[in-house]
Amino acid sequence: MRRISDVDDLPGELLDLIASARRPAVLSGAGISAESGIPTFREVQTGLWERFSAQDLATVEAFEADPALVWTWYRWRQALIDAVDPNPGHRALAEWQHRLAAAGGRLSISTQNVDDLHERAGAEVLGHLHGAIAAHRCADCGAPAQLPPPRYDGSVPPAESEDPPACESCDRGKLRPGVVWFGEMLPMEAFEAAAESVRSADLVLVVGTSGIVQPAASLPLLALERGTALVEVNPEDTELTEVMDFAVRGGSGEMLPHLLTAAGVLEDPQDGH
Ligand code: OAD
């Protein structure tokens, strides 16, 4: 594994891998949205939730014990997501995806993120492994529910929690966010599609994930079995770093555009094209 932190000294072997990839698979996590202003899951929390870690809140048990606390956390995070924009990392991947598709290739993106920033950058996402924050459903009967956007200011944590709305289909249950909580099954279709994209990839990029949460963290290992090159983009070492061929150290909003431009798969904005 080679660690790279100097953007002006990218190894030719890494650039060649990117330049020659026709079916790259990208696996992204919270870190890719960090430079958009969305805190990752390991960051210290504030306001109503300062005594809780994100893991404490992301369980069925937490929702059952205090539905308002958990509901409001997700609604506020949804407001935060709505208020921010995709960053250059999301945009660089979207553009690479378009260029490869136009040339007969395919770039697939599977994400653990429940935000829609890849999509808003113009990318097509193969699967959201942990669901989508804006897709609500009844915690009891499972009926999907449409809600207006949250009325919170995403930059200020709310002072009080609000109860989740009641389900209009069964009149019994409470609405919950359409995310996967710890202990719950991942959407099988998204997981299988991601696994297949890694198995058929000629390069796997692992961007902004700590590699702690299973089974998503096992996906890069499918590339290992086939000897497919693995590249990590993350400012820090992770649980997955040691299986990587290259570990590019830095924020993905900065590193991805730089890497893809240096490899020649994106145009250099400095060239004025
Ligand atoms: P984590 O919060 O565990 O990890 C975020 C990763 O992003 C860390 O490795 C950081 O070093 C890295 N990072 C931080 N800033 C970055 C930047 N600017 N560019 C690139 N990387 C950066 O997030 P995930 O691995 O996505 O699950 O977490 C996995 C799951 O744990 C989440 O989907 C969620 C959470 O609990 C559930 O809710 C089930």
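Numbering follows my numbering, in which position 190 of the sequence shown is assigned residue number 238; successive positions increment by one, without gaps. Ideal placement from N, C-alpha and C gives every residue a C-beta, glycine not left out. Computed from a prediction, not measured in an experiment: that's the story for all the values here.
- Under the three-state reduction of DSSP output, ALA142 falls in the helix class.
- When distances are taken from the beta-carbon of ARG224 to the heavy atoms of the ligand OAD, even the shortest one reaches 6 Å or more.
- Here ARG125 is buried. Its C-beta has 16 or more other C-beta atoms within 10 Å.
- For LEU75, the secondary structure class from DSSP, reduced to helix, strand or coil, is strand.
- Per DSSP, PHE111 is one residue of the alpha helix (DSSP H) stretching across 108-113.
- Contact check for VAL132 against GLY85 passes: the beta carbons are separated by less than 7 Å.
- Relative to the non-hydrogen atoms of the ligand OAD, the Cβ of VAL92 never comes closer than 6 Å to any of them.
- Under the criterion of beta carbons closer than 8 Å, ALA140 and VAL252 do not qualify as touching, at roughly 17 Å.
- Residue state for GLY179 is assigned as strand, using DSSP reduced to three classes.
- PRO136 has its alpha-carbon roughly 28 Å from the corresponding atom of LEU270.
- The alpha-carbon of THR257 is positioned some 9 Å away from that of GLU287.
- Here GLY226 carries a strand assignment [DSSP, helix/strand/coil].
- Annotated three-state conformation of VAL118 is helix, per DSSP.
- In this structure PRO115 does not touch PRO213 by the C-beta definition: roughly 11 Å separates them, more than the 8 Å allowed.
- In this model, GLU280 and CYS218 are separated by some 45 Å (Cα to Cα).
- Rounded to whole angstroms, the gap between the alpha carbons of TRP121 and GLY60 is 45 Å.
- Measuring C-alpha to C-alpha distances from GLY175 to each of CYS186, CYS189 and SER158 identifies SER158 as the nearest.
- The criterion of a C-beta distance shorter than 7 Å is not satisfied by VAL227 and ILE260.
- Two segments are said to touch when three or more pairs of C-beta atoms, one from each, lie closer than 8 Å; by this definition the stretch 99-111 does not touch the stretch 292-302.
- Per DSSP, the unbroken beta strand (DSSP E) holding SER158 starts and ends at 156-159.
- Taking ASP285 as reference, the option from ALA277, GLY299, GLY275 and ARG274 with the minimal CA-CA separation is GLY299.
- Within 6 Å of the C-beta of HIS184 there is not a single heavy atom belonging to the ligand OAD.
- Within 6 Å of the C-beta of SER84 there is not a single heavy atom belonging to the ligand OAD.
- Around the beta carbon of SER68, fewer than 16 other beta carbons lie within 10 angstroms, which makes this residue exposed.
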